[in-house]
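Q: Structure in structure tokens, see below.
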Amino acid sequence: MRSLSLAVVLAALVGGACVPTPPITVVHVGKSAVKDEVVGDPVKMRRPAADTYAGIRGGAYVVRSGEDWQGMWRHAPEQPAFPSTIDPTNEMLVLVATEDAIVSQLTIKHAVETAEAMTVFVRQTMLGEGCVRKSDERAGLDAVVTRRVDKPVKFYIEDEDGPSCGEPPKAEIGCRLATAQTWNAKLTAKTGDVIECELSSVATGKYELVDQTLSLVDAPPGSNAKLAFSKGPTRATLALDAFGTYAVRAEATDEAGRRGRATAFIEVLPKKTRDVLLQLTWSDVDMSEVITPLPRVLLRVTQEGPRGQRCSAEVPVPGLCDAKTRGSYTYMKIPASRRKLPVSLLYLDERAQEGPAPCINVWFNGERTLAVCDRDHRHAEDRWEIGTLETWTGKLAAPKPPPKAKPATGAKPGAPAAAPPGAKSAPATPAPAAPPSKPAPATPAPPASAASKK
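Under my numbering, the residues of the sequence shown are numbered 436 to 889, in order.
Below you can see the structure in the form of structure tokens.
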């Protein structure tokens with residue numbers, strides 16, 4: 436490797452500072468070839484170590500002097516010394532760089548010189564399908580050293596697609612009761628059972644697998660269950676200690692950080708009891724991947740009558756219900772009795788019609804008696820009337836229709852109801868005369884409130 440004395444380098448850098456810099460032009464032609472073929476003399480090139488220029492901001496540069504060198508580094512935290520392997524009196528540095536994350540490589544293919552200018556041809560390779568840039572990788576950069584040419588320089592940048600990296604890794608999960616032979620992604624079990632889950636994965640693209648994990652991503656309120664690993668990170672057991680839904684996530688990660696996931700769901704049936712158990716869950720959503728908060732809702736049960744009360748997780752009423760929440764789930768227990776209790780869901784936030792839907796499950800004597808979801812568009816303060824619960828059967832009857840206004844005392848059947856206190860009554864308007872061939876309609880009776888004023 437040749438090197439120059441510091442005196443020669445400084446003389447060349449300072450001496451060229453007063454000469455106007457020839458212009459630089461960049462033409463991005465995309466995936467189409469250059470229309471006008473440039474004919475000229477081929478330019479010899481040699482490549483320096485690209486690591487020397489890793490901190491340069493994206494752009495196209497031609498360095499012939501100290502001023503050019505400083506301009507190329509003006510956005511960098513610090514400026515290194517001019518390379519001793521470049522002779523600025525006879526050579527110049529040609530460099531292209533990009534910070535675009537979708538570019539995997541920049542390559543200066545060749546250059547030609549004419550009497551008027553020098554033309555540099557650059558290939559910009561995009562990340563292939565399924566490819567991911569690592570965080571510590573520099574985006575495309577290439578540099579060459581050529582004979583010094585004090586002429587305008589024109590860059591033609593042509594795009595090309597990189598090769599595909601294939602699909603992300605594929606992860607699968609199967610679970611089974613400890614005594615079963617078959618594995619499934621959905622299981623039904625009971626409290627006290629022990630299940631076993633196993634992860635299997637395969638790399639389907641160019642990247643190798645670097646990590647495989649099993650994790651418990653969801654469990655019912657009050658559960659203390661944890662995965663126990665005894666046969667490595669891809670196989671675990673889980674002791675079910677509460678009724679509700681458990682979710683076990685399998686995840687495989689490759690060296691590019693791409694992930695493949697699969698989830699197994701275990702539904703644990705409650706023990707046989709005369710208590711009624713209500714469960715608020717959500718459909719059409721993976722709770723472990725929720726980014727936007729779900730609408731806030733409040734599951735409520737009401738005891739009607741003069742001393743009626745309303746019970747929820749926010750306002751517990753001993754003897755009427757015992758409610759607990761975990762995240763966006765609610766579990767409610769209604770003691771065994773013989774009562775009819777309206778059940779409703781109050782929306783505290785708006786719910787879009789296409790978004791996740793709240794679902795109500797009712798359990799009685801170890802069996803599910805209702806599973807229903809609300810998929811209507813709801814505004815804040817809207818109420819979903821689910822039905823009237825018969826606590827001795829665990830079944831819900833359709834909600835009662837709103838009561839009709841009772842007619843005022845002394846009003847004839849079919850007459851309009853009395854106006855509320857303080858409301859103004861409109862005077863009765865006589866009906867227009869009917870044609871002779873048809874009987875005239877009867878004039879409506881005046882409102883009771885109007886009659887009472889007379």
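Even glycine gets a Cβ: it sits at the ideal position worked out from N, Cα and C.
1) Mind checking which residues open and close the beta strand (DSSP E) that includes G627?
2) Short check: CB of A832 to CB of T823, under 8 Å?
3) Rounded to the nearest angstrom, what separates I537 and N659 at their Cα positions?
4) Look at the Cβ atom of D628, then the Cβ atom of L612, and state whether they are nearer than 8 Å.
5) Please say whether I491 and M507 have beta carbons closer to each other than 8 Å?
6) How far does the alpha helix (DSSP H) with G679 in it reach, from first residue to last?
7) Can you tell me whether N796 is buried or exposed? The criterion is at least 16 other CB atoms within 10 Å of its CB, across all chains shown.
8) Which runs of the beta strand (DSSP E) spanning at least 3 residues fall entirely within the stretch 635-662, listed in chain order?
9) Measure the Cβ-Cβ separation of M553 and V478 and say whether it is below 8 Å.
10) Using a Cβ-Cβ cut-off of 7 Å (strictly less than) and excluding sequence neighbours within five positions of D811, which residues of its own chain qualify?
11) Would V499 and M527 qualify as a contact pair, given that the criterion is a beta-carbon distance under 8 Å?
12) Just to confirm the assignment, what range does the beta strand (DSSP E) spanning W819 have?
13) Between A697 and the rest of its own chain, which residues show a CB-CB distance below 6 Å, the 5 nearest in sequence each way excluded?
14) For the beta strand (DSSP E) that contains G501, what are its first and last residues?
15) Taking all protein chains shown into account, decide if E631 is buried (16 or more other Cβ within 10 angstroms of its Cβ) or exposed.
16) Just to confirm, is the Cβ distance from T765 to L729 under 8 Å?
17) Report the option in K625, D689 and V645 whose CA atom is closest to the CA atom of T673.
18) Taking buried to mean at least 16 other C-beta atoms within 10 Å of its own C-beta, is L783 buried or exposed?
19) Starting from the Cα of V652, find the closest Cα among E643, V645, L662 and L644 and give me that residue.
20) What three-state label does DSSP hand T614 in the structure shown?
21) Identify, in the order they occur along the chain, each residue of the same chain with its Cβ nearer than 8 Å to the Cβ of V561, setting aside the five sequence neighbours on each side.
22) Terminal residues of the continuous beta strand (DSSP E) containing R492?
23) For the beta strand (DSSP E) that T765 lies in, which residues bound it at each end?
24) What's the C-alpha gap between K835 and A677?
25) Are P793 and D809 closer than 8 Å when you measure CB to CB?
26) Going straight from the alpha carbon of L781 to that of D689, what length do you get?
27) How many whole angstroms separate the CB atoms of T460 and P587, which I take to be in contact at a CB cut-off of 8 Å?
28) Could you check which residue in E513, Y488, A495 and F517 has the C-alpha nearest to that of E502?
29) Is L776 helix, strand or coil by DSSP?
30) Please report the Cβ distance between M767 and V736, rounded to the nearest whole angstrom; I am assuming they are in contact, meaning their Cβ atoms lie under 8 Å.
31) Looking at the structure shown, is T533 part of a helix, part of a strand, or coil, going by DSSP?
32) Just to check my reading of the structure: K759 and G657 have Cβ atoms closer than 8 Å, yes? What is that Cβ distance to the nearest angstrom?
33) With C-beta atoms as the reference, is K706 less than 8 Å away from G601?
34) Going by other Cβ atoms of all chains shown within 10 Å of its Cβ, with 16 needed for buried, is G740 buried or exposed?
A: Per the coordinate set shown:
1) Premise fails: G627 is in no beta strand (DSSP E) and is neither H nor E.
2) yes
3) 45 Å
4) yes
5) yes
6) That residue, G679, is in no alpha helix (DSSP H); its beta strand (DSSP E) goes G679 to D689.
7) buried
8) 644-653
9) yes
10) Excluding positions up to five away in sequence, the list reads Q788.
11) Checking the sequence, you will find Arg at residue 499 rather than Val. Closer than 8 Å, so yes.
12) R818 to E825
13) A606, E607, I608 and A685
14) Note, G501: premise wrong, no beta strand (DSSP E); alpha helix (DSSP H) at G501 to M507.
15) buried
16) no
17) The amino acid at residue 673 is misidentified as Thr; the sequence shows Leu. Out of K625, D689 and V645, K625 has the C-alpha closest to the C-alpha of L673.
18) exposed
19) L662
20) coil
21) It is Met, not Val, that sits at residue 561 in the sequence shown. Correct list, in chain order: I537, V538, S539, D594, E595, D596 and G597.
22) Note, R492: premise wrong, no beta strand (DSSP E); not H, not E.
23) In the DSSP annotation of this structure, the continuous segment of the beta strand (DSSP E) that includes T765 starts and ends at Y764 to I769.
24) Cα to Cα, the separation comes out at about 34 Å.
25) yes
26) 44 Å
27) 7 Å
28) F517
29) Three-state DSSP puts L776 in a strand.
30) 7 Å
31) Correct three-state label for T533: coil.
32) 6 Å
33) no
34) exposed
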